[in-house]
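Enquirer: Have a look at this one.
There are 2 protein chains.
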Amino acid sequence: MTQIQTPVSETRMLAAFAAPNSGRPPLWLMRQAGRYLPEYKATRAEAGSFLDLCYNPRLAVEVALQPLRRFDLDAAILFSDILVIPDGLGQPVRFEEGVGPVLLRLEDTVDFAQLSIDRMLKHLAPVYETVDRLRAALPRETALIGFSGAPWTLATYMLEGRSTREFHLGKYWAYARPDDFALLVEVLVEAVVEHLSAQVRAGAEILQIFDSWAGVLDDWGFRRWVEEPTRRIVAKLKTRHPEVPILLFARGAGARHAGLAARVGVDGVALDCTVPLQWARQEVQAHTLVQGNLDPVILRIGGAAMQRAVSAILESFAGGRFIFNLGHGILPDTPPEHVAALVNMVREASTNR
Amino acid sequence: MTQIQTPVSETRMLAAFAAPNSGRPPLWLMRQAGRYLPEYKATRAEAGSFLDLCYNPRLAVEVALQPLRRFDLDAAILFSDILVIPDGLGQPVRFEEGVGPVLLRLEDTVDFAQLSIDRMLKHLAPVYETVDRLRAALPRETALIGFSGAPWTLATYMLEGRSTREFHLGKYWAYARPDDFALLVEVLVEAVVEHLSAQVRAGAEILQIFDSWAGVLDDWGFRRWVEEPTRRIVAKLKTRHPEVPILLFARGAGARHAGLAARVGVDGVALDCTVPLQWARQEVQAHTLVQGNLDPVILRIGGAAMQRAVSAILESFAGGRFIFNLGHGILPDTPPEHVAALVNMVREASTNR
């Protein structure tokens, strides 16, 4: 793993954390590198499996750069997956077409004890090399975002073995065996810290933590398994990398977004599509940066529907600390010209202000 | 359809709408009649298909009464399904094992014009007969709840043809063709009013409107396709049946729950599992009755985890207008003894107050 201290770029993205936007807001899109782009599909075919692509620095850099060649975006994001952490820790992951990720389930605390952070850092060396090469390939005005899954979301996959809608096994551990579950979460807190820290050392300038399943827990569970582990991760990262802003995407957190950034110590929150705009302006953006939250289905629809939705988001958020984004990842069947139109709409916001 | 004016029972449920609870809160459970009960499975096998059961008054009454024989619950709910409305309107519905509901999709506005409310009221005569027989079979202290799907949720099934996670077709109509979509919603507003009104005439004392997919819309969509149609439904029902309380279950509405009851005119809101308790007490229960919101996965887990979750809900809500319930329906693999334990926990709340 390279450890070059790349100079921090002076980007619109980084400026957004410091002060309300002047002119247009910065813009990037979750899953901006992905299956909606024909050139992605070509590179993916060359790579082999999805994880082969994630672990191939040359090709992973290529797919991360593809959307930037087409669209005037303010950030690149490492091309990777949240499940490289369990894969690196020693719980092999594969991606099946039509199913998604498949893992051999962790079944008991003895399985937790087999997980190794040293192994992860070695296994994920190609990921950190990708970050390094990507930073070198990007212009100074383009920020580089590193990311990780959060412990709760990672733990659900590791215990359920695949995507689920009900989280029986994850919740069984979380609620019925909290002391045992805490052992797994403890490993994951350390793993996330080391994984994100390695990305910063390789050149990531902003970090985003994805807690995709934060919205399926009750009050106690959210505090114990979303807020507490994330707060500890952020505190450790801030000690090592005080200059790096951290975003939290706690999908489905709903009214829990109020005060969330302060409770966990992050510099901004990414909002999913269902967070109401006026409420978020008053209860969230008044206290921290917000990122979001166009519905990717509306991006796919495009046209007047998208124009209306984008205008509503800009009117609500563009006067404060704000990064324009989707509320969830781009859908595979999104026409790329809709993305181009979206970028134009957001850029035109500067001339209207 | 019978039109006997059954005398309104003096129930703990109805009292809850009028004033904060004294003693323990009333209690019923979404899907309290269902597959977790062996006696349900036996009756279901006797009936034939799921819809055969819904349209068989003798057997539908039987399954609605089954949980009341086991557990001391304060309400029965009509045994039916939200999709009897499209089925009645002329868009046949079937339920496939492992898939769920399957409908021949509505594809254009000419299909909307074929839907007939007269046909629905005739087709659903067995449903209203079930309500009538159920009211006659219930003791006075047990309230009878009627219900319906809401227009947005019904429309998604009618346009998508089955359950979906992304709602491409429903959102396409809702956002790209709103004037055409409004034609379908208009039919559904009338259908829901007539369906619920017929249930009231047959003996339903409380109504619950299920907008299961309310949480997938942005601000504009939520106002236009959840709040506006529901407000019109409620206004029409209040003219006809001013004495009947109406609950809205807008699943996933998150921070939009604040002020929602006042905006649509309902007498209470059913909260899903992800609504935080203290927030809901201040922003929702201060203004209306709340119902909810134990996670059915925690009911399935039972034990100390359930005790902790139930206590948290009771501590937050039991001092105000409140009906104890789950935040979503009982899961099929829930041990019935966990339901018995839950009922005991809620009843014990009276001795602790």
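Chains as they are written, first to last, in my numbering: chain U, 1 to 353; chain E, 354 to 706.
Just so it is clear, CB atoms sit at the ideal spot from N, CA and C, and this is done for glycine as well.
Chain E beta carbons: is any one of them nearer than 8 Å to that of Arg308 (chain U)?
Expert: Yes, Arg308 (chain U) lies at the interface with chain E (some Cβ there is under 8 Å from its Cβ).
Enquirer: Smallest Cα separation from Ile599 (chain E): which of E:Leu560, E:Ala490, E:Val637 and E:Pro439?
Expert: Among E:Leu560, E:Ala490, E:Val637 and E:Pro439, the Cα nearest to that of Ile599 (chain E) belongs to E:Leu560.
Enquirer: By the criterion of Cβ-Cβ separation under 8 Å, what are the contact partners of Phe167 (chain U) in chain E?
Expert: Going along chain E in sequence order, the residues near Phe167 (chain U) (Cβ under 8 Å) are Val650.
Enquirer: Kindly give me the distance between the Cβ atoms of Val446 (chain E) and Leu436 (chain E), rounded to whole angstroms, as I take these residues to be in contact under 8 Å.
Expert: Val446 (chain E) to Leu436 (chain E), Cβ: 5 Å. Contact.
Enquirer: Which same chain residues end up closer than 6 Å to Arg365 (chain E) when comparing Cβ atoms and leaving out the 5 residues on each side of it in sequence?
Expert: Contacts found: Pro379 and Asp427.
Enquirer: Entirely within the stretch 238 to 303 of chain U and at least 4 residues each: give me those alpha helix (DSSP H) ranges in chain order.
Expert: 260 to 264, 277 to 280 and 296 to 301, all fully within the stretch 238 to 303 of chain U.
Enquirer: Which of the three DSSP states is assigned to Phe424 (chain E) in this structure?
Expert: The answer is coil: DSSP assigns Phe424 (chain E) none of H, G, I, E or B.
Enquirer: To be precise: take each residue of the stretch 608 to 625 of chain E, compare its Cβ to all Cβ atoms of chain U, and keep it if any distance is under 8 Å. Which residues remain?
Expert: For the stretch 608 to 625 of chain E, which is checked against every Cβ of chain U, the residues closer than 8 Å are Ala608, Arg609, His610 and Ala611.
Enquirer: Taking the C-alpha atoms as reference points, what is the distance between Arg135 (chain U) and Ala204 (chain U)?
Expert: Using only the alpha carbons, I get a separation of about 7 Å.
Enquirer: Judging by CA-CA distance, which residue of E:Pro629, E:Phe500 and E:Arg388 is the nearest neighbour of Pro685 (chain E)?
Expert: Out of E:Pro629, E:Phe500 and E:Arg388, E:Arg388 has the C-alpha closest to the C-alpha of Pro685 (chain E).
Enquirer: On the DSSP bridge assignment, give the partners of Phe86 (chain U) in chain order.
Expert: Reading off the sequence shown, one finds Pro at residue 86 (chain U), where the question assumed Phe. Looking at the DSSP assignment, Pro86 (chain U) forms no beta bridge with any residue, so it has no partner.
Enquirer: Between the C-alpha atoms of Gly146 (chain U) and Arg140 (chain U), what's the straight-line distance to the nearest angstrom?
Expert: For Gly146 (chain U) and Arg140 (chain U), the distance between alpha carbons rounds to 16 Å.
Enquirer: Kindly indicate which three-state DSSP category Arg94 (chain U) falls into: helix, strand or coil?
Expert: Here Arg94 (chain U) sits in strand by DSSP.
Enquirer: I want to know whether the stretch 679 to 697 of chain E touches the stretch 638 to 649 of chain E - three or more CB-CB distances under 8 Å.
Expert: Verdict: yes, contact present.
Enquirer: Could you name the residues that DSSP lists as bridge partners for Arg515 (chain E)?
Expert: In DSSP, Arg515 (chain E) forms a bridge with E:Val455.
Enquirer: Does chain E have any CB closer than 8 Å to the CB of Val8 (chain U)?
Expert: For Val8 (chain U), the predicted structure reports a pLDDT of 48, less than 50, and the residue's modelled location is therefore unreliable. The matter cannot be settled from this model.
Enquirer: Arg263 (chain U) to Leu271 (chain U), Cα distance in whole Å?
Expert: Going by the C-alpha atoms only, they are around 16 Å apart.
Enquirer: Report all residues from its chain with a CB closer than 7 Å to the CB of Phe424 (chain E); omit the five preceding and five following residues, and keep chain order.
Expert: Counting only Cβ-Cβ distances below 7 Å, and skipping sequence neighbours, we find Val692, Ala693 and Val696.
Enquirer: Can you tell me the Cβ-Cβ gap for Leu468 (chain E) and Val540 (chain E), rounded? I've got them flagged as a contact below 8 Å.
Expert: Contact holds; Cβ gap of about 5 Å.
Enquirer: Using a Cβ-Cβ distance cut-off of 8 Å, determine whether Val185 (chain U) contacts chain E.
Expert: No, Val185 (chain U) does not count as interfacial toward chain E.
Enquirer: Using alpha carbons as the reference points, say which of E:Phe675, E:Val650, E:Asn374 and E:Phe670 lies closest to Thr164 (chain U).
Expert: For the residues E:Phe675, E:Val650, E:Asn374 and E:Phe670, the minimum Cα distance to Thr164 (chain U) belongs to E:Val650.
Enquirer: Quick one: is Pro276 (chain U) near chain E, going by C-beta distance under 8 Å?
Expert: For Pro276 (chain U), the answer is yes, since a Cβ of chain E falls inside 8 Å of its Cβ.
Enquirer: Say whether the stretch 236 to 254 of chain U touches the stretch 208 to 227 of chain U, bearing in mind that this needs 3 or more beta-carbon pairs closer than 8 Å, one atom from each stretch.
Expert: These segments touch.
Enquirer: Mind checking the stretch 563 to 584 of chain E against chain U and listing, in chain order, the residues whose C-beta falls within less than 8 Å of any C-beta there?
Expert: Flagged, chain order: Gly568, Val569, Leu570, Asp571, Asp572, Trp573 and Phe575.
Enquirer: Spell out whether any CB of chain U is found under 8 Å from the CB atom of Tyr393 (chain E).
Expert: False, the Cβ-Cβ gap to chain U never drops below 8 Å.
Enquirer: Tell me the DSSP secondary structure of Ile666 (chain E) in three-state form.
Expert: DSSP places Ile666 (chain E) in helix when its eight states are reduced to three.
Enquirer: With 16 as the cutoff for other CB atoms within 10 Å, does Glu596 (chain E) come out buried or exposed?
Expert: Glu596 (chain E) comes out exposed.
Enquirer: Where Gln199 (chain U) and Leu138 (chain U) are concerned, what is the direct C-alpha to C-alpha distance, given to the nearest angstrom?
Expert: For Gln199 (chain U) and Leu138 (chain U), the distance between alpha carbons rounds to 15 Å.
Enquirer: What's the gap between the Cα of Glu460 (chain E) and the Cα of Ala466 (chain E)?
Expert: Cα to Cα, Glu460 (chain E) sits roughly 11 Å from Ala466 (chain E).
Enquirer: Do you know how far the Cα of Cys273 (chain U) is from the Cα of Val569 (chain E)?
Expert: Going from the Cα of Val569 (chain E) to the Cα of Cys273 (chain U) covers about 8 Å.
Enquirer: If you drop the 5 nearest sequence neighbours on each side, which residues of the same chain put their C-beta closer than 6 Å to that of Phe17 (chain U)?
Expert: Around Phe17 (chain U): Pro245, Asp267 and Leu289.
Enquirer: Sort out for me which residues DSSP pairs Gly502 (chain E) with in a bridge.
Expert: Per DSSP, E:Phe563.
Enquirer: Is it buried or exposed, Gly523 (chain E), if we count other Cβ atoms within 10 angstroms and call 16 or more buried?
Expert: When all chains shown are included, Gly523 (chain E) counts as buried.
Enquirer: Let me confirm a value: Gly656 (chain E) is counted as buried when at least 16 other C-beta atoms fall within 10 Å, else exposed. Which label applies?
Expert: It is exposed - the Cβ of Gly656 (chain E) has fewer than 16 other Cβ atoms within 10 Å.
Enquirer: Does Asn697 (chain E) come out as helix, strand or coil in the three-state DSSP assignment?
Expert: Helix.
Enquirer: Report the three-state DSSP secondary structure of Leu27 (chain U) (helix, strand or coil).
Expert: Three-state result, Leu27 (chain U): strand.
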